[in-house]
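Colleague:
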Amino acid sequence: MSLIISNIALHFLSQKTETGEVELRFGPESIAITPKIEDFTNGLHLLYNSKGSKGYGRFTEQEEPSETPRFVDIMENYLNEQLSFNDFSQQAAKGLASELTKYDLGETGYLVLTHYEYMGGRYLLVAIIPVSEHYSVDQELNISAAKHLDLSKLQLAVRLDLFDYQNNPQSNRYVSFIKGRAGRKVSDFFLDFLGCEEGLNSKAQTQVLVQAVEDFVAVNQFDAQEKQHTRKELLNYCKEQKESAQEVSLKEVGNVVSSDQDKDFYQFCQDQAYPIEEQFPHDQAVVNKVTKYSGYGNGISISFERSHFGQDIVYNKANDSLTIYKVPPNLKDQLLALLESNEQDNTEY
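Each residue of the sequence shown is one higher than the one before, counting from 1313 in the numbering used here.
1. Which partner residues does residue 1550 have in the DSSP bridge list?
2. Residues in its own chain within less than 6 Å of residue 1608 by CB, not counting five upstream and five downstream?
3. Quick check on residue 1411: does DSSP put it in helix, strand or coil?
4. With residue 1617 and residue 1603 assumed to form a contact (beta carbons below 8 Å), what rounded beta-carbon distance in angstroms separates them?
5. From the DSSP secondary-structure annotation, give me the bridge partner or partners of residue 1627.
6. What residues in its chain sit with their C-beta under 6 Å from that of residue 1549, if we drop five residues either side in the sequence?
7. Out of curiosity, what's the CA-to-CA distance linking residue 1577 and residue 1534?
8. Using a Cβ-Cβ cutoff of less than 8 Å, which residues in the same chain neighbour residue 1443 once the five nearest sequence positions on both sides are dropped?
9. According to DSSP, is residue 1383 part of a helix, a strand, or is it coil?
10. Kindly identify the DSSP beta-bridge partner or partners of residue 1509.
11. If you compare alpha carbons, which of 1415, 1390, 1595, 1367 is closest to residue 1560?
12. Tell me the DSSP secondary structure of residue 1530 in three-state form.
13. Which of the three DSSP states, helix, strand or coil, is assigned to residue 1420?
14. When you compare only the Cα positions, how much space is there between residue 1652 and residue 1644?
15. Taking 8 Å as the cut-off, decide whether the C-beta atoms of residue 1475 and residue 1434 are in contact.
16. Give a yes or no on whether the C-beta atoms belonging to residue 1507 and residue 1346 are separated by under 8 Å.
17. Return the first residue and the last residue of the alpha helix (DSSP H) that residue 1563 is part of.
18. Find the nearest neighbour of residue 1605 within the set 1591, 1620, 1593, 1454, judged by alpha-carbon distance.
19. Under the assumption that residue 1509 contacts residue 1369 (Cβ atoms under 8 Å), give the Cβ distance between them as a whole number of angstroms.
20. What would DSSP say about residue 1482, mapped onto helix, strand or coil?
21. Give the DSSP-derived three-state secondary structure of residue 1358 in the structure shown.
22. Give me the residue from 1517, 1599, 1317 with the minimum Cα distance to residue 1546.
23. Can you round the beta-carbon distance between residue 1447 and residue 1440 to whole angstroms, since I take them to be within the 8 Å contact cut?
24. In angstroms with no decimal places, state the Cα-to-Cα distance between residue 1623 and residue 1382.
25. Under DSSP, the alpha helix (DSSP H) around residue 1597 begins and ends at which residues?
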């Protein structure tokens, strides 16, 4: 399903690391919604959805007057048609530039604000897209360089669920944002610019869900095959919700993992009073671990399906060792070649 784009704006921000000075250049007053713009916005939407680690929150209450208009106030003026989208985006850009001067980040990129609809939901996406250089060669083999928007490096992005914001003001998750990157958190300045605070902890909620499923299969004495089937059903359901940018529903999980009417997962959660919401945006990385274990360290990388543990893969806690039976054929070939090579080396000596 394609997006229905109401408005989009593009401005340029750059900060000099030496002085902290911020340069702000405004884009065109109006950007026509062409097929290229639709493709760009759809790609940005899908990329944002694919980002695994997200935080969720809400706008904070204003504690003291500020000379700079709050993002939520100018957004309200736009939604109430008291401001054009261009005026709204320019005021937001000025607020971001003002906030950026407080931090020594050297941030450079294009500020994109887009208002669109998708699957009945209404969203406002705000992102800073980094700039990278690319090179091209003409027919005379002359090399030239140009700059392009590098979506692959997107880290600073926030999306507001406008329907939830307007109809459920007490919600603690109508704002979502990409969480952190190496060396710092997004909230260092981007959330301050928006005037948001973190609310729902999606990772903690997902951990409770996974634990509830494990308790459910244990209490109902599922055999090993039934347990693995239930875990895979949970994993598949969560993947589908992730791909369609939909929240996980506890009742829907119940329909997926309950084997029969006498074993109702949803009712089980109610009876056990798990601290979990009826529906919530989940953390896919947590769910992935229900069927697969993996680890890396000291030059060793291991990954295996949970169903192999205790059979083809045995861990000895006493001497901290892992024994692997039925070695994968491609690994076995490499190991045999390595043994043969070592034997030849020893023979030469």
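Glycine included, C-beta positions come from ideal geometry on N, C-alpha and C.
Modeller: In short, the structure shows the following:
1. In DSSP, residue 1550 forms no bridge with anything.
2. Once the five neighbours on either side are set aside, residue 1608 has no close Cβ partner at all.
3. helix
4. Contact holds; Cβ gap of about 6 Å.
5. 1634
6. The beta carbon of residue 1549 sits closer than 6 Å to the beta carbons of 1568 from its chain, once the five residues preceding and following it are set aside; these are given in chain order.
7. Each residue's alpha carbon lies about 13 Å from the other.
8. 1420, 1421, 1422, 1459, 1460, 1461, 1462
9. Assigned with DSSP and collapsed to three states, residue 1383 falls in helix.
10. Bridge partners of residue 1509: 1370.
11. In terms of Cα proximity to residue 1560, the closest of 1415, 1390, 1595, 1367 is 1595.
12. helix
13. strand
14. Pairing residue 1652 with residue 1644, the inter-Cα distance amounts to about 12 Å.
15. yes
16. no
17. 1562-1569
18. 1620
19. Between the beta-carbon of residue 1509 and that of residue 1369 there is about 5 Å, and that keeps the pair under the 8 Å contact cut.
20. coil
21. helix
22. 1599
23. With a Cβ gap of about 24 Å, residue 1447 and residue 1440 do not count as contacting.
24. 59 Å
25. Note, residue 1597: alpha helix (DSSP H), 1596-1600.
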